[in-house]
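*Asks:* Take a look at the following structure, please.
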Amino acid sequence: MVLPVQHSNAETWHSLGQLARNENGQPTNHGGDPLPSIAPSGNAWAEFKSNPTLHAPHIAQLNRSTKDIHTFIAEHAPTGAGRQEALNNLQHYVNTKINCHPGNLSALTINENRRNLHLFAQQLNNPTISTDQKLTAALNLGKGLGVCTEGETLNILDSTQQLCNRQQGLAGLLVKTKNLLVEQHLQQLVKHEDAIHLSHKLANDMEIHHVQALKNHVAGQWGLAVQEDRYATSAYQARTGQMASALLAKTITPATLAHHAAEQLEQALISQTAPGLREGIPVELLKTEPLRRAIQAEFGQSIDLEQCLEFNDDYSEVRLKPHEDLALHIVKAFQGIGLVPIHANPMHVLNQPTPGLQQAIEQVGTLRGEVVRRPLHNDYINSFWFGHAQTQQDSKRKEEQEHQFRRR
């Protein structure tokens, strides 16, 4: 399914992240991850391993992430063989793969595993994922260590993806939609670029690898797990990476997600009541509390049923509010869960126009081969994609923030 982008707010999510170059001109900075990936061979890799100033930050981040995972398991897992196996494997991984002699460091550990473990550890604080689901993923991750480096890498990737996909309510819906859109839009960008630079057969053969290269490139901006392969090259990232960042900024916006969520909400409300709800049904057919529970079970506490329905003058009929009203309510819910800044104007967020996908691809063509050398400001809250969502319990703090902003 291709999701609509024509209602997006291009001004709201633009200029994603700082993308730096290393001395060879390769992209190294991945936005939300402050540390560069290191070219896994040649002089750059040899210097990285031999220079403590270069490798110490990477080692420190790996130690922090594994410590957070180890602590979580120790605090939440019941005593037993599974708990001990996971804890022992984590400690062995730290001793042999992270705090080993620098000459024995693996590029997979420093690059892909480090970034995925960092994302995994952040998601352990995500309030939209239950403790049981976090624990299952953490135990699976721990038990999957202690094999060959390639096997450990696959197990870390699988566990990270499993955890990220366990988010509930509106946040979970947004993450799934975001991931689908990232895949769709980067695939179209790759098709467009490779049709220019490659033969038809080679373009088809390389499509999956080039899409993965761009997903790896923007992973730190969009909360994605990283999956390296030898064809997902830094050279492709250097040529097309900034185009990918700009394209997603133009086409995956709060408005895009709000309109999609509004469609999902409409379908859920109709399926829980009657097909005629869009036009209007007798009010006695509306079972308010069962409907409220069903909607909150799917979309979370941030969706207010009263904001989704409207009555006629004599209250004899009830119907769905117009799509735009539902989308506006969802944008306000975004502010409540930490996706959109609390002081943003919801109507402005919803109504900013943006180009369609093909037009946006043509627009970002001017960025081919470019890398932004200085950080650019974002209007959205990037940390949302890394599990820093808010819950209903944050409403008081939200109100205080609004009050303080208005007093400025």
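Residues in the sequence shown are numbered from 169 upward in steps of one, following my numbering.
Here a beta-carbon is modelled for each residue, glycine too, at the ideal position from N, C-alpha and C.
Could you give the distance in angstroms between the alpha-carbon of Phe204 and the alpha-carbon of Pro295?
*Replies:* For clarity, residue 204 is Pro in the given sequence; the question names Phe instead. The alpha-carbon atoms of Pro204 and Pro295 are separated by roughly 29 Å.
*Asks:* Using the beta-carbon count (16 or more within 10 Å), is Phe479 buried or exposed?
*Replies:* exposed
*Asks:* Measure how close the beta-carbons of Leu338 and Gly468 come, nearest whole angstrom, since I'm counting them as under 8 Å.
*Replies:* With 8 Å as the limit, Leu338 and Gly468 qualify as a contact, their Cβ atoms being about 5 Å apart.
*Asks:* Rounded to the nearest angstrom, what separates Asp482 and Arg446 at their Cα positions?
*Replies:* 18 Å
*Asks:* DSSP puts Phe467 in a beta bridge; with which residues?
*Replies:* In DSSP, Phe467 forms no bridge with anything.
*Asks:* Less than 9 Å separating the beta-carbons of Thr424 and Ala528?
*Replies:* no
*Asks:* Nearest CA to the CA of Gln442: which residue from Leu488, Lys369, Leu518?
*Replies:* The sequence shown places Ala at residue 442, not Gln. Nearest C-alpha to Ala442: Leu488.
*Asks:* Do you know how far the Cα of Gln464 is from the Cα of Trp553?
*Replies:* 21 Å
*Asks:* Hey, would you say Gln503 sits closer than 9 Å to Ile510, going by beta carbons?
*Replies:* yes
*Asks:* Please state whether DSSP places Glu478 in a helix, a strand or coil.
*Replies:* strand
*Asks:* Of the choices Arg407, Thr247, Ala381, whose alpha-carbon is the least far from that of Val532?
*Replies:* Arg407
*Asks:* Would you tell me roughly how many angstroms separate the C-alpha atoms of Glu243 and Leu303, rounded to the nearest one?
*Replies:* 10 Å
*Asks:* Looking only at DSSP bridge pairs, what is Ile237 linked to?
*Replies:* Note: Ile237 sits in no beta bridge, so no partner.
*Asks:* What do you get for Ile206, buried or exposed, if any count of 16 or more other CB atoms within 10 angstroms of its CB means buried?
*Replies:* buried
*Asks:* Hey, would you say Phe288 sits closer than 9 Å to Ile266, going by beta carbons?
*Replies:* no
*Asks:* Decide yes or no for the touch test of the stretch 388–398 against the stretch 345–361: beta carbon pairs closer than 8 Å, at least 3 of them.
*Replies:* yes
*Asks:* Can you grab the Cα-Cα spacing for the pair Lys369 / Ala400, in whole Å?
*Replies:* 17 Å
*Asks:* Does the stretch 312–332 come into contact with the stretch 372–381, if we say contact requires no fewer than three beta-carbon pairs (one atom in each stretch) closer than 8 Å?
*Replies:* no
*Asks:* Return the Cβ separation of Ile241 and Leu307 in integer angstroms, given the expectation that the two are a contact with Cβ distance under 8 Å.
*Replies:* 7 Å
*Asks:* Can you grab the Cα-Cα spacing for the pair Val606 / Ala430, in whole Å?
*Replies:* In the structure as shown, the chain begins at 169 and stops at 576. Residue 606 is therefore absent and cannot be evaluated.
*Asks:* Here's the rule: buried if 16 or more other CB atoms are within 10 angstroms of the residue's CB, otherwise exposed. What is Thr221?
*Replies:* exposed
*Asks:* Leaving aside the five residues before and after Asp397 along the sequence, list all residues of the same chain whose C-beta is less than 7 Å from its C-beta, in chain order.
*Replies:* His377, Gln380
*Asks:* Just mark Gly524 as buried or exposed, buried being the case when its beta carbon has 16 or more other beta carbons within 10 Å.
*Replies:* Label assigned to Gly524: exposed.
*Asks:* With DSSP collapsed to three states, give me the class of Arg282.
*Replies:* helix
*Asks:* With 16 other CB atoms within 10 Å as the buried threshold, where does His411 fall?
*Replies:* Before going further, note that residue 411 is Met rather than His in the sequence given. Flag for Met411 reads buried.
*Asks:* So, using beta-carbon positions, are Gly271 and Lys217 closer together than 9 Å?
*Replies:* yes
*Asks:* Could you check which residue in Leu273, Gln291, Gly448 has the C-alpha nearest to that of Asn219?
*Replies:* The residue with the shortest Cα to Cα distance from Asn219 is Leu273.
*Asks:* Who does Glu530 pair with in a DSSP beta bridge?
*Replies:* Partner(s): none; Glu530 has no beta bridge.
*Asks:* For the putative contact between Glu280 and Thr328, defined by C-beta atoms under 8 Å, what is the C-beta separation to the nearest angstrom?
*Replies:* That pair is no contact at about 10 Å.
*Asks:* Look up Pro450 in the DSSP assignment and give the residues it is bridged to.
*Replies:* Glu485
*Asks:* Within 10 angstroms of its Cβ, does Asn165 collect 16 or more other Cβ (buried), or is it exposed?
*Replies:* Since the first residue shown for the chain is 169 and the last is 576, residue 165 is missing from the structure and cannot be characterised.
*Asks:* Buried or exposed: Asn263, going by 16 or more other Cβ atoms within 10 Å of its Cβ?
*Replies:* exposed
*Asks:* Could you give the distance in angstroms between the alpha-carbon of Ala557 and the alpha-carbon of Ile471?
*Replies:* Their Cα atoms are separated by approximately 15 Å.
*Asks:* Is Glu396 helix, strand or coil by DSSP?
*Replies:* Taken through DSSP and simplified to helix, strand or coil, Glu396 comes out as coil.
*Asks:* Please report the straight-line C-alpha distance between Asn402 and Thr317, rounded to a whole angstrom.
*Replies:* Asn is not the amino acid found at residue 402; the sequence shown has Ser there. Going from the Cα of Ser402 to the Cα of Thr317 covers about 21 Å.
*Asks:* For my contact list, Leu473 and Leu459 are in at a C-beta cut-off of 8 Å; report their separation, rounded to the angstrom.
*Replies:* Contact flag correct, Cβ pair sits at about 6 Å.
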